[in-house]
Amino acid sequence: MNVQLFLDKICEVLEIEPGSLKGDEPLDSLDNWDSLAVISFIALADEELGVIVDAEKLSNAQSVRDLLDLVSDKVSA
Amino acid sequence: MTALPATPPMDMNGRTVLVTGASTGIGRATAEVLASLGARVIANGRDASRLSQVVSQLPGQGHLAETFDLSRMDEVAPWLKDLCARHGPLNGLAHCAGIQMTRAVRQVDQAFFDQTMHVNLGSAVALARGFRQKGCKGEPAAMVFVSSIAGLIGQPGNVVYAASKGGLMSAVRALAMEFLRDGIRVNAVAPALVDTEMAARSRATMTAEQYQYMLDQHPMGIGQPQDVAHPIAFLLSDASRWINAVTLPVEGGYLAR
Numbered sequence: 000m001n002v003q004l005f006l007d008k009i010c011e012v013l014e015i016e017p018g019s020l021k022g023d024e025p026l027d028s029l030d031n032w033d034s035l036a037v038i039s040f041i042a043l044a045d046e047e048l049g050v051i052v053d054a055e056k057l058s059n060a061q062s063v064r065d066l067l068d069l070v071s072d073k074v075s076a
Numbered sequence: 000m001t002a003l004p005a006t007p008p009m010d011m012n013g014r015t016v017l018v019t020g021a022s023t024g025i026g027r028a029t030a031e032v033l034a035s036l037g038a039r040v041i042a043n044g045r046d047a048s049r050l051s052q053v054v055s056q057l058p059g060q061g062h063l064a065e066t067f068d069l070s071r072m073d074e075v076a077p078w079l080k081d082l083c084a085r086h087g088p089l090n091g092l093a094h095c096a097g098i099q100m101t102r103a104v105r106q107v108d109q110a111f112f113d114q115t116m117h118v119n120l121g122s123a124v125a126l127a128r129g130f131r132q133k134g135c136k137g138e139p140a141a142m143v144f145v146s147s148i149a150g151l152i153g154q155p156g157n158v159v160y161a162a163s164k165g166g167l168m169s170a171v172r173a174l175a176m177e178f179l180r181d182g183i184r185v186n187a188v189a190p191a192l193v194d195t196e197m198a199a200r201s202r203a204t205m206t207a208e209q210y211q212y213m214l215d216q217h218p219m220g221i222g223q224p225q226d227v228a229h230p231i232a233f234l235l236s237d238a239s240r241w242i243n244a245v246t247l248p249v250e251g252g253y254l255a256r
């Protein structure tokens, strides 16, 4: 899956306009990045990419870039 | 002084019990407890090799493994009919099979909803339908379903699972009344977090903080499979002869906080 498509799926999880994310946004700048968004991201990675995200690494993520790094094996630029 | 029964009320010698989800977790522990009480256990699951391993390690004799996918609702009653034609009627059915996946409502689609409800609730009703067939239910007869406290509390991210387990509690009450004429008692247990493979998979879908928050809600810590297996055995035995249509919370005081 390409990066932009995955970013758009993250937009769906965050319930913001598709195309809103460029990939470098700090997570704490995103209004809807809450505990439900976290479990939704985990489910997204599993269902769309077959990736089981490491919950510990996810809790350390600071930016959208960090989220992409968690699934980098399955997401191409 | 009340005369004590000649046979301990939880003795299951001479009884045959079908245990679903018997490959692992609560189902496996239930099979072990029932076998240790003297029951002949028919262990059901989807993985034949795991089931065989479980059955081979049960105390006592005569236990069997029967693979079948219980989500095939319309096939459950014929399967039970055939099973009982081969092995005799059942005195008990412990339905321990189920699935849990954390999923916020924003991501719930029909496929996810249908799968969860099918496996957790549909299969239970299908088993009930099958169990009451002539030739399937023995004397005495009792069913126990594994519900969850998720059906009694409000957990974000667990809406569909909660609905399936809450629905199971309601179904138990109606089934118990409908099955009075069939001589089948119907009850459920509602565990909190139990140390099983399913719980471990569920843990992988949440952050460490979320998991710790869950742990902190458990006054006595998380349960072990045997902690749920023993109440299930109780509800299948003569010791619970006058207990019907209830869901027994098995949760170390979780609901009292």
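These protein sequence lines map, in sequence, to chains A and D.
0 is the number of the first residue of the first sequence in numbering that gives the first Met the number 0; add one for each residue after it.
0 is the number of the first residue of the second sequence in numbering that gives the first Met the number 0; add one for each residue after it.
Glycine included, C-beta positions come from ideal geometry on N, C-alpha and C.
| task | Check whether the Cβ atoms of L91 (chain D) and T15 (chain D) lie closer than 9 Å to each other. | result | Against the second sequence, residue 91 (chain D) aligns to sequence position 92. Against the second sequence, residue 15 (chain D) aligns to sequence position 16. Looking at the sequence itself, residue 91 (chain D) is Gly, so the reference to Leu does not match. For G91 (chain D) and T15 (chain D), yes; Cβs fall inside 9 Å.
| said: Helix, strand or coil for L151 (chain D)? Go by DSSP, reduced to three states. | reply: To locate residue 151 (chain D), count along the second sequence from 1; it is residue 152. The DSSP-derived three-state label of L151 (chain D) is coil.
| query | Between A125 (chain D) and S70 (chain D), what straight-line distance do the alpha-carbon atoms span, to the nearest angstrom? | reply | For the purposes of this step, residue 125 (chain D) is taken as residue 126 along the second sequence, with counting starting at 1. For the purposes of this step, residue 70 (chain D) is taken as residue 71 along the second sequence, with counting starting at 1. Cα to Cα, the separation comes out at about 9 Å.
| message | For L214 (chain D), count the other beta carbons within 10 Å of its own beta carbon; 16 or more makes it buried, fewer makes it exposed. Which is it? | response | Working through the second sequence from its first residue, we reach residue 214 (chain D) at position 215. A residue is called buried when at least 16 other Cβ atoms come within 10 angstroms of its Cβ; L214 (chain D) does not meet this threshold and is exposed.
| query | For the beta strand (DSSP E) that H94 (chain D) lies in, which residues bound it at each end? | reply | Position 95 of the second sequence, counted from the start, is the residue given in the question as residue 94 (chain D). 89-94 is the span of the beta strand (DSSP E), which, as asked, contains H94 (chain D).
| Inter-residue spacing [alpha-carbon to alpha-carbon] between Q225 (chain D) and L50 (chain D) | Your numbering for residue 225 (chain D) matches position 226 in the second sequence. Your numbering for residue 50 (chain D) matches position 51 in the second sequence. Q225 (chain D) and L50 (chain D): Cα-Cα distance of roughly 18 Å.
| request: Select from D:M11, D:A28, D:S239 the residue whose C-alpha is nearest the C-alpha of D194 (chain D). | output: The sequence position of residue 194 (chain D) within the second sequence is 195, counting from 1. Nearest option by C-alpha distance: D:A28.
| field | Rounded separation between I148 (chain D) and V245 (chain D) - CA only | value | Against the second sequence, residue 148 (chain D) aligns to sequence position 149. Against the second sequence, residue 245 (chain D) aligns to sequence position 246. Rounded to whole angstroms, I148 (chain D) to V245 (chain D) spans 13 Å at the Cα level.
| Shortest alpha-carbon distance to W241 (chain D) belongs to which of D:S163, D:A141, D:M197? | Position 242 of the second sequence, counting from 1, holds the residue named residue 241 (chain D). Of the candidates D:S163, D:A141, D:M197, the one whose C-alpha sits nearest the C-alpha of W241 (chain D) is D:A141.
| query | Going by alpha carbons, who is nearest to V118 (chain D) out of D:L3, D:P4, D:P248, D:G20? | reply | Position 119 of the second sequence, counted from the start, is the residue given in the question as residue 118 (chain D). Looking at the Cα atoms, D:G20 is the closest of the given residues.
| message | Any beta carbon of chain A sitting closer than 9 Å to that of G156 (chain D)? | response | Within the second sequence, the letter at position 157 stands for residue 156 (chain D). For G156 (chain D), the answer is yes, since a Cβ of chain A falls inside 9 Å of its Cβ.
| Residue range of the unbroken beta strand (DSSP E) whose run includes K136 (chain D) | Position 137 of the second sequence holds residue 136 (chain D). It spans 136-145 - the beta strand (DSSP E) in which K136 (chain D) sits, taken as one unbroken run.
| query | What is the residue span of the alpha helix (DSSP H) that I41 (chain A) lies within? | reply | Mapped onto the first sequence, residue 41 (chain A) falls at position 42. Note, I41 (chain A): alpha helix (DSSP H), 34-43.
| Are the C-beta atoms of E88 (chain A) and some chain D residue less than 9 Å apart? | Lying before the first or after the last residue shown, residue 88 (chain A) is absent from chain A, which here runs from 0 to 76.
| Of the residues that make up the region 179-202 of chain D, which ones have a beta carbon closer than 7 Å to any beta carbon in chain B? | The structure shown has no chain B; the protein chains it does contain are A and D.
| For L53 (chain D) versus A64 (chain D), is the C-beta spacing smaller than 9 Å? | In the second sequence, the residue the question calls residue 53 (chain D) occupies position 54. In the second sequence, the residue the question calls residue 64 (chain D) occupies position 65. This sequence places Val at residue 53 (chain D); Leu is not what is there. If you check the CB distance, V53 (chain D) and A64 (chain D) come in under 9 Å.
| field | Secondary structure of P248 (chain D), DSSP reduced to three states | value | Locating residue 248 (chain D) in the second sequence gives position 249, counting from the first residue. Reduced to three states, the DSSP call for P248 (chain D) is strand.
| Of the residues D:G153, D:V75, D:Q56, the one placed nearest R128 (chain D), counting alpha carbons only | Along the second sequence, one-based indexing puts residue 128 (chain D) at 129. Checked all of D:G153, D:V75, D:Q56; the closest Cα to R128 (chain D) is D:V75.
| query | chain D beta carbons: is any one of them nearer than 9 Å to that of L35 (chain A)? | reply | Counting from one through the first sequence, the residue named residue 35 (chain A) turns up at place 36. Closer than 9 Å to some Cβ of chain D, the Cβ of L35 (chain A) qualifies, so yes.
| said: Taking only three categories from DSSP, how would you classify N1 (chain A)? | reply: Locating residue 1 (chain A) in the first sequence gives position 2, where the first residue counts as 1. Three-state DSSP puts N1 (chain A) in a strand.
| query | In chain D, what lies closer than 8 Å to L69 (chain A) by C-beta? | reply | The residue you call residue 69 (chain A) lines up with position 70 of the first sequence. Residues of chain D with a Cβ closer than 8 Å to the Cβ of L69 (chain A) do not exist; the shortest Cβ-Cβ separation is about 12 Å.
| query | Is L214 (chain D) helix, strand or coil when you go by DSSP? | reply | Position 215 of the second sequence, counted from the first residue, corresponds to residue 214 (chain D). Reduced to three states, the DSSP call for L214 (chain D) is helix.
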